[in-house]
Every structure is written in C-alpha cells, then in structure tokens.
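Enquirer: Sequential numbering from 1 applies to the sequence shown in UniProt numbering. Questions regarding the structure given below will be posed in turn.
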Amino acid sequence: MLCVPDHWRKVEQLEANLEALEIVLTPEQIKLLESIVPFDPGFPYTMIGDGSDYNFLMQNAAYLEKQPSLRAIVPDLS
1 MLCVPDHWRK VEQLEANLEA LEIVLTPEQI KLLESIVPFD PGFPYTMIGD
51 GSDYNFLMQN AAYLEKQPSL RAIVPDLS
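Structure below.
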C-alpha cells in the first residue's frame with residue numbers, strides 16, 4: 001500500500017515524504033503487522049461478508065466469479 005501525505009508546508013517535509021517511498025516491507029513484516037489486530041472493514045462491507053464466500057443476497061442478485069487478489073505495487077530498487 002502506498003500512503004504519502006500531501007499536506008506539507010516545507011520543502012523538508014516533502015523530501016521526507018519522498019524518502020519514505022523507498023521503504024519496502026518484507027512479506028514477513030507485512031504478515032506480522034496484519035496479524036496484530038484483525039482488519040475491520042466497517043459498514044457496509046461487514047454486511048456483505050468476510051470474503052470467504054458471497055453473501056446470499058449477492059448470490060441471488062447476479063452471477064459472481066471470484067477473482068485473485070491483486071498484489072501491492074512495490075518500488076523497483078534496481
């Protein structure tokens with residue numbers, strides 16, 4: 001995930017934000033961070049389901065086909 005605040009007031013703050021783009025977490029670090037607290041997507045997503053299967057209302061409304069999750073975009077450090 002890429003998250004860079006765009007509300008800087010000084011050039012030094014902008015440069016610090018740009019330097020933060022070079023940080024790359026290993027898969028183990030990401031797994032550790034995601035295991036600390038379960039992610040709660042909030043309403044209305046909790047009403048739809050947890051992603052393991054489609055909600056019965058959605059199944060009755062349309063033909064749905066699961067797609068593989070997309071991988072995060074990581075910087076090319078070469």
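Using N, Cα and C, we set each Cβ at its ideal position, and we do this for glycine too. Being a predicted model, the structure only gives us computed values, none of them experimental.
Indicate the three-state DSSP secondary structure (helix, strand or coil) for isoleucine 23 in the structure shown.
Expert: Coil at isoleucine 23, not helix or strand.
Enquirer: Which parts of the stretch 15-72 are runs of the beta strand (DSSP E), unbroken and 3 residues or longer, counting only runs that do not cross its ends?
Expert: Runs of the beta strand (DSSP E) inside the stretch 15-72: none found.
Enquirer: Roughly how many angstroms separate the alpha carbons of leucine 64 and phenylalanine 56, rounded to a whole number?
Expert: In a straight line, the C-alpha of leucine 64 is about 11 angstroms away from that of phenylalanine 56.
Enquirer: In angstroms with no decimal places, state the Cα-to-Cα distance between proline 44 and serine 35.
Expert: Rounded to whole angstroms, proline 44 to serine 35 spans 23 angstroms at the Cα level.
Enquirer: Report yes if the CB atom of valine 24 is closer than 8 angstroms to the CB atom of proline 75, and no otherwise.
Expert: Yes; because the gap between Cβ atoms is below 8 angstroms, this pair is in contact.
Enquirer: Which of the three DSSP states, helix, strand or coil, is assigned to glycine 11?
Expert: In the sequence under discussion, the amino acid at residue 11 is valine, which differs from the glycine named in the question. In this structure, valine 11 counts as helix in the three-state DSSP scheme.
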